[in-house]
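The opening residue of the sequence shown carries number 8 in our numbering; numbering runs sequentially from there.
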Amino acid sequence: MSLTVDRWLAICHPYKAKEQRSRRNALLICLGVWALVLVFGFLIPALVVVYCSVKTIWALQHSSHHSQQSRVCIKYICSSLCTFLLPLTPSHLAIFLQFLVHQNVIVDCGSRAKISLFLQITLCLSNITCCLDALCYYFITLEVRSTKHTFRLSTFSHRRPTFSTSEV
8 MSLTVDRWLA ICHPYKAKEQ RSRRNALLIC LGVWALVLVF GFLIPALVVV YCSVKTIWAL
68 QHSSHHSQQS RVCIKYICSS LCTFLLPLTP SHLAIFLQFL VHQNVIVDCG SRAKISLFLQ
128 ITLCLSNITC CLDALCYYFI TLEVRSTKHT FRLSTFSHRR PTFSTSEV
């Protein structure tokens with residue numbers, strides 16, 4: 008969540024982002040995130056991630072420099088959002104349903120067994136996804152870097168040579 012907010016600040020409010028980046032602020036943000044997670048769990052951080060991602064994508068799409076690199080960044084943000092929401096939403100839903108089982112709101116034995124199985128499967132998928140996140144980010148970073156390199160090369164190749172009109 009904090010990475011998404013940082014990305015949003017850097018793209019939508021670059022001057023404010025430069026002022027706000029410090030070790031002290033990073034520590035306060037980490038402590039705040041942990042407090043937020045212990046109190047609100049998944050819903051509030053998920054809403055923040057979705058809001059910041061959508062705003063960042065919108066800003067990139069409507070920027071005056073909408074380029075190949077912007078499209079790669081949008082792809083990166085979308086994949087990051089999907090990597091966060093797709094595996095974690097079902098597992099947090101399963102945790103909520105398990106909470107309802109423990110509170111005896113759900114008492115049907117068949118439903119309890121299905122919820123227990125659903126919880127185990129979604130937690131396993133979430134854990135696998137967390138392990139695979141590093142690989143996804145690696146390949147996305149490679150693509151972003153290769154786009155930067157290609158962009159630099161194309162910028163240099165499109166330069167027109169300057170000729171002097173005077174003969175020496």
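Virtual Cβ for every residue (Gly too), placed ideally from N, Cα, C.
Rounded to the nearest angstrom, the gap between the Cα atoms of P21 and R30 is 18 Å. With fewer than 16 other Cβ atoms from the protein chains shown falling within 10 Å of its own Cβ, S153 counts as exposed. Annotated three-state conformation of V40 is helix, per DSSP. Inter-segment contact for the segment 121-133 and the segment 90-100 is present: three or more beta-carbon pairs are separated by less than 8 Å. Contact annotation, L88 with V57: C-beta distance approximately 7 Å; criterion of less than 8 Å satisfied. Just measuring C-alpha positions, the residue of V55, L50, Y83, Q68 sitting nearest I102 is L50. Distances from the alpha-carbon of Y83 to those of R14, L16, L67, I147 put I147 closest. Sequence-distant Cβ neighbours of L43 in its own chain, meaning closer than 7 Å and more than five residues away, are I51, P52. Between F91 and the set L54, C37, V46, W15, the nearest pair of CA atoms involves L54.
Unbroken alpha helix (DSSP H) stretches of 4 residues or longer found wholly inside the segment 56-132: 75-109, given in chain order.
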